[in-house]
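Residue 1 in the UniProt record's numbering sits at position 1 of the sequence shown, with consecutive numbering throughout.
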Amino acid sequence: MFCLPVPKDKFQTTTPWAISTIVIIDALLLIPLYTSDKISFFSHYAFTPSHPTPLTLFTALFLHVGLLHYVGNMWFLWIFGRKVECTLGTLRFAALYLLCGVGGQLLHLLLNLHSNLPLLGASGAISGIAGFYFFVFPRDRFNLHLYFGWWRIKTIDATTRSAVGAWIGEQFVLALITQVAQSSSVAFWAHVGGFAVGAATGAIYHLRVPETSRPSIPLVALEGEDIEEQPSDLTTLKLN
1 MFCLPVPKDK FQTTTPWAIS TIVIIDALLL IPLYTSDKIS FFSHYAFTPS HPTPLTLFTA
61 LFLHVGLLHY VGNMWFLWIF GRKVECTLGT LRFAALYLLC GVGGQLLHLL LNLHSNLPLL
121 GASGAISGIA GFYFFVFPRD RFNLHLYFGW WRIKTIDATT RSAVGAWIGE QFVLALITQV
181 AQSSSVAFWA HVGGFAVGAA TGAIYHLRVP ETSRPSIPLV ALEGEDIEEQ PSDLTTLKLN
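What follows is the structure, given as C-alpha cells:
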C-alpha cells in the first residue's frame, strides 16, 4: 500500500528554466542506457556507497534506470518544482536541487557504507523540493490517493501538511523496514535525507522571508470552478 499526493490547485508560474534544463539533461542521459553497456555506464557514474566519489554524488542525480523511472521522477519534479522555482529563482532552485540530492545520498551512504549496489535517480533531490514546498506552501490543496498495488483504494481531500506529511511518513517507515529486511531496490533513506534538507531550507526561508516579500503566484481557476480562498488554519488529514 502506498500514498500519492497530487496538487488540486493550478498556479500561474514563470517559465521554470532550471526544471526544463533538468528534464532535458536527464532525457539525454537515457540515451547511453540503450546505446552502450548499461552496467559499465552505471559503474562509472552511479553513486556506489562502498566506493563513493565526489563526481558520482552529482552525476547519479541525473541518471535513471529506464523511461518509466524517468517519467515518474520528472512528473513529481514538475508538480512540486514549478512553484518552488518561481519563489526562489532559477539559480537558487538549482542549488537547492543539488543540495537536497547530495544530502539524500549522504544519508543513504551513512546507513549503507558497505553496499555495492549503485544508487541513481533524482528522487532524493525531488523529495527535497517537496520538503521545501511542505514548509513554504502548507495550505495548498491536495488529493491524497491511497493505492494497494495498482488499485486505487481511496482519495482524500487534504492540504500540503497532511498529504505530503503522510507521504514522507510512509517513506520513513519503508526505510526502516527495508533497512532491516535488506530486500528493496528503492533507496528510501535518500528520499528521507533529501526531504530533511529541503524541509530545513524551507523552514529557514519561511522564518526569514515574510509572505509579503515573496513572489506573487496567482491561483488559476479550473473550468467550472471558482477560486476559493485558502483556509487560514492548517487542515488535518481525516480518514472516513
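Where is the CB? At the ideal position from N, CA and C, for every residue including glycine.
Since we're looking at a predicted model, the values are computed, not measured.
Sub-8 Å separation of residue i and residue j beta-carbons
i: Leu144; j: Phe11; result: no
i: Ala125; j: Gly194; result: yes
i: Val209; j: Tyr133; result: no
i: residue 241; j: Tyr70; result: The structure shown does not extend to residue 241, since the chain spans only 1 to 240, so no value can be given for it.
i: Ala158; j: Phe142; result: yes
i: Phe135; j: His206; result: yes
i: Pro54; j: Leu109; result: no
i: residue 242; j: Pro5; result: Because residue 242 is not part of the residues shown, which for the chain are 1 to 240, the question remains open.
i: Ile25; j: Phe80; result: no
i: Gly89; j: Gly128; result: no
i: Ala60; j: Ala46; result: yes
Per-residue burial, residue i [other beta carbons within 10 Å of its own, 16 or more giving buried]
i: His191; result: buried
i: Asp140; result: buried
i: Ser123; result: buried
i: Pro215; result: exposed
i: Gly169; result: exposed
i: Phe76; result: buried
i: Phe42; result: buried
i: Thr56; result: buried
i: Val197; result: buried
Distance cut-off 7 Å: residue i Cβ against heavy atoms of the ligand ZN
i: Gly66; result: With respect to the ligand ZN, the structure shown offers nothing to examine, as it has no ligands at all.
Identity of the residues DSSP links to residue i by a beta bridge
i: Ile156; result: Leu144
i: Lys10; result: Val220
i: Cys3; result: Leu146
Cut-off 7 Å between Cβ atoms - residues of its own chain near residue i, not counting five sequence neighbours on either side
i: Phe188; result: Gln171, Leu174, Ala175 and Thr178
i: Thr160; result: Tyr133, Phe134, Phe137, Pro138, Arg139, Asp140 and Phe142
i: Asp9; result: Asp140, Arg141 and Leu219
Own chain partners of residue i with C-beta closer than 8 Å, once the 5 adjacent residues on each side are dropped
i: Leu237; result: Low local confidence applies: a pLDDT of 37 at Leu237 is under 50, so the model's placement there is unreliable, with the coordinate-based value given in what follows. So the qualifying residues of the chain are Leu144, Ile156, Ala158, Ser162, Ala163, Gly165 and Ala166.
i: Trp58; result: For the record, residue 58 in the displayed sequence is Phe; it is not Trp. Cβ neighbours of Phe58 beyond the five flanking positions: Leu98, Gly101 and Val102.
Own chain partners of residue i with C-beta closer than 6 Å, once the 5 adjacent residues on each side are dropped
i: His114; result: Ser50
i: Thr14; result: Cys86
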